[in-house]
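Heads up, the sequence shown is in the numbering used here, so the first residue is 318 and it goes up one at a time.
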Amino acid sequence: MTVVQTASAIDPAGLTLVPATPEQAVQVRTNTLDWFCKWDKLTPEEWSYHDETLVDDPDTGLKHKRIVVWLLVSRSTLLPTSPVTSSASLSEIYSHFETYRMPGLLFSPSSSSASAQNVAIYGIGTVWTPVEHRRKGYARLALQLGHYVLGKTRSLPSFPTIWGQPPPITLGDATASVLYSDVGPKYYQSCTIGEHLDGWKEQGSTITEWYLHDGSKEGENGGRGLDAWEWVTSLRTVKELEKLVIEDTRRRLASETDKDRTKIALVPTGDVLSAHHNRLLLRDPFPSDAAPVRPTAFAAYNRDTSSLVVFCPQNGKAIYHPHEYKGKTLEISHVVGQVPWQVVGQAAKREGCRRIEAWGPEAASKGWPKGIVRERGDLYGMMAYYDKLQSGEEQPLWVGNGIWTPCRTWNFGKALAARDYAKQWL
Numbered sequence: 318m319t320v321v322q323t324a325s326a327i328d329p330a331g332l333t334l335v336p337a338t339p340e341q342a343v344q345v346r347t348n349t350l351d352w353f354c355k356w357d358k359l360t361p362e363e364w365s366y367h368d369e370t371l372v373d374d375p376d377t378g379l380k381h382k383r384i385v386v387w388l389l390v391s392r393s394t395l396l397p398t399s400p401v402t403s404s405a406s407l408s409e410i411y412s413h414f415e416t417y418r419m420p421g422l423l424f425s426p427s428s429s430s431a432s433a434q435n436v437a438i439y440g441i442g443t444v445w446t447p448v449e450h451r452r453k454g455y456a457r458l459a460l461q462l463g464h465y466v467l468g469k470t471r472s473l474p475s476f477p478t479i480w481g482q483p484p485p486i487t488l489g490d491a492t493a494s495v496l497y498s499d500v501g502p503k504y505y506q507s508c509t510i511g512e513h514l515d516g517w518k519e520q521g522s523t524i525t526e527w528y529l530h531d532g533s534k535e536g537e538n539g540g541r542g543l544d545a546w547e548w549v550t551s552l553r554t555v556k557e558l559e560k561l562v563i564e565d566t567r568r569r570l571a572s573e574t575d576k577d578r579t580k581i582a583l584v585p586t587g588d589v590l591s592a593h594h595n596r597l598l599l600r601d602p603f604p605s606d607a608a609p610v611r612p613t614a615f616a617a618y619n620r621d622t623s624s625l626v627v628f629c630p631q632n633g634k635a636i637y638h639p640h641e642y643k644g645k646t647l648e649i650s651h652v653v654g655q656v657p658w659q660v661v662g663q664a665a666k667r668e669g670c671r672r673i674e675a676w677g678p679e680a681a682s683k684g685w686p687k688g689i690v691r692e693r694g695d696l697y698g699m700m701a702y703y704d705k706l707q708s709g710e711e712q713p714l715w716v717g718n719g720i721w722t723p724c725r726t727w728n729f730g731k732a733l734a735a736r737d738y739a740k741q742w743l
């Protein structure tokens with residue numbers, strides 16, 4: 318795909334991508350304040366409090382490659398610092414976005430190893446262009462340069478001469494980067510790798526949903542085989558169970574299903590398993606010194622069979638054509654082993670949820686009733702891949718696409734754990 322510049326095209330050779338200083342990171346986040354307050358249902362003061370806690374986390378930033386804010390600035394503003402930064406003021410920043418380094422797994426049929434290998438995957442988020450700089454191609458250029466900051470140099474096409482010099486900082490360890498688009502799939506695909514290769518390609522984002530009705534028996538155990546199941550009531554225990562989910566993810570990558578495909582997945586570590594719970598702490602409307610209603614459980618676990626289902630109630634409305642649902646939903650983020658439907662139904666009823674939602678094409682565990690499968694219309698899972706593919710492959714298969722959507726809230730685990738209102742969740 319070749320991007321055709323408009324008559325008002327920018328001069329890419331005069332621009333570059335650099336990490337924000339701590340002061341600049343705070344400044345550019347004010348650009349997205351109104352959007353996040355609307356999305357997360359928080360007041361500006363509450364969101365600023367959350368954001369400051371995130372920025373102050375000593376394990377984030379360029380050194381750890383976690384939660385790095387990248388700025389598109391004029392090369393004339395570069396400073397001889399280490400790492401290279403910019404003196405650009407807020408009005409001189411043409412576009413910006415954030416990256417989050419996450420552990421991943423890659424399975425390649427051509428590899429000599431029968432198991433998946435560990436790789437780095439980056440989440441892309443908070444892509445923003447100030448109003449005065451919009452519709453000029455700045456965001457696209459920032460993201461195009463981002464490929465060369467993140468991706469493995471040996472696997473990328475030569476840096477286009479029309480773009481001038483490569484960015485002064487290269488992380489260079491990403492096998493892939495992922496994002497969820499709320500503006501459709503075409504824009505991010507047009508943010509090319511080099512001049513001609515598609516950028517982020519749509520992987521599809523499907524959900525399966527079920528509805529519980531008055532008088533339904535989904536939550537009844539009938540006294541048959543459910544005594545071995547226990548409710549997981551602390552996030553600390555959820556983290557302790559991450560090994561089960563990681564092993565299950567490895568098995569799925571190496572399974573006979575799509576055995577001739579290159580497959581990639583995010584490693585569901587503890588912060589990832591609790592990502593939906595972290596989001597609940599962030600998004601429910603509440604004053605900064607109070608907590609949202611604590612779920613009665615975060616997961617259900619069977620020690621005898623090592624089976625597990627991780628879930629979280631959400632109050633946000635769901636909109637899928639042709640209807641709109643405004644009640645509470647139980648979001649299922651991962652299923653390991655055989656989980657009886659009665660366990661899921663009982664979890665939903667305990668939380669007062671009439672709707673159950675699981676993401677991905679393989680959402681339902683064996684033996685669950687047939688649900689309604691829908692394409693998500695609000696978020697599109699997309700991936701840019703920076704490594705080798707099999708002959709004829711256009712992109713790898715993203716195993717678990719959709720399960721771990723709220724990338725930014727993965728990094729809130731430690732920050733939230735330090736707060737009084739969150740300690741009761743541990």
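Each residue gets a CB set at the ideal place from its N, CA and C atoms; glycine is no exception.
Asked                                                                                                                                                         : Found
Would you mind sorting Q663 into buried or exposed? The rule is 16 or more other CB atoms within 10 Å of its CB.                                              : buried
Compute the beta-carbon to beta-carbon distance between Y411 and L396, rounded to the nearest angstrom, for a pair I have assumed lies under 8 Å.             : The pair is not a contact, with the Cβ atoms about 17 Å apart (cut-off 8 Å).
Are the CB atoms of T579 and S425 nearer to each other than 7 Å?                                                                                              : yes
Residue ranges of each alpha helix (DSSP H) run of no fewer than 4 residues wholly in the segment 481-550, ordered along the chain?                           : 503-506
Using 7 Å as the threshold, is the C-beta distance between Y697 and T492 below it?                                                                            : no
Cβ atoms of V335 and V401: under 7 Å apart, would you say?                                                                                                    : yes
Just confirm the distance between the C-beta atoms of W546 and A701, as a whole number of angstroms; I'd bet it's less than 8 Å.                              : Actually they are not in contact, since the Cβ atoms of W546 and A701 sit about 40 Å apart, beyond 8 Å.
Helix, strand or coil: how does DSSP classify Q655 here?                                                                                                      : coil
For the structure I just gave you, are there three or more beta carbon pairs, one from the segment 471-480 and one from the segment 494-505, closer than 8 Å? : no
Following the continuous alpha helix (DSSP H) through E557, name the residue where it begins and the one where it ends.                                       : L552 to E557
Using 10 angstroms around the beta-carbon of H530, count the other beta-carbons present and answer buried if the total reaches 16, otherwise exposed.         : exposed
Once DSSP output is grouped into helix, strand and coil, what is the label at G468?                                                                           : strand
Rank T646, T338, V584 and D695 by C-alpha distance to the C-alpha of S522 and give the top, closest one.                                                      : D695
Note down the Cα distance separating F615 from K469, rounded to an integer number of angstroms.                                                               : 37 Å
Would you call the segment 620-627 and the segment 555-566 in contact, with 3 or more CB pairs under 8 Å?                                                     : yes
How about L462 and P484: are their beta carbons less than 7 Å apart?                                                                                          : yes
Measure the Cβ-Cβ separation of E668 and P630 and say whether it is below 7 Å.                                                                                : yes
Provide the residue span of the beta strand (DSSP E) that contains A316, from first to last.                                                                  : The requested residue 316 is not part of the displayed model; the chain covers only 318 to 743.
Expressed to the nearest angstrom, what Euclidean distance is found between the alpha-carbon atoms of E557 and Y439?                                          : 24 Å
Can you tell me whether E692 is buried or exposed, with buried defined as 16 or more other CB within 10 angstroms of its CB?                                  : exposed
Tell me, to the nearest whole angstrom, how far the beta carbon of L496 is from that of G442; I am working on the premise that it is less than 8 Å.           : 7 Å
First and last residue of the beta strand (DSSP E) that includes Y702?                                                                                        : Y697 to Y702
Give the straight-line distance between the Cα atoms of P713 and Q707, rounded to the nearest whole angstrom.                                                 : 9 Å
Residues in the same chain with beta-carbon distance under 6 Å from T349, minus the five sequence neighbours each way, listed in chain order, please.         : T443 and W445
Going by DSSP in three states, K580 sits in which element: helix, strand or coil?                                                                             : strand
Residues in its own chain within less than 7 Å of P329 by CB, not counting five upstream and five downstream?                                                 : L458, I479, W480 and G481
Is it the case that the Cβ atoms of A456 and V386 are separated by a distance below 7 Å?                                                                      : no
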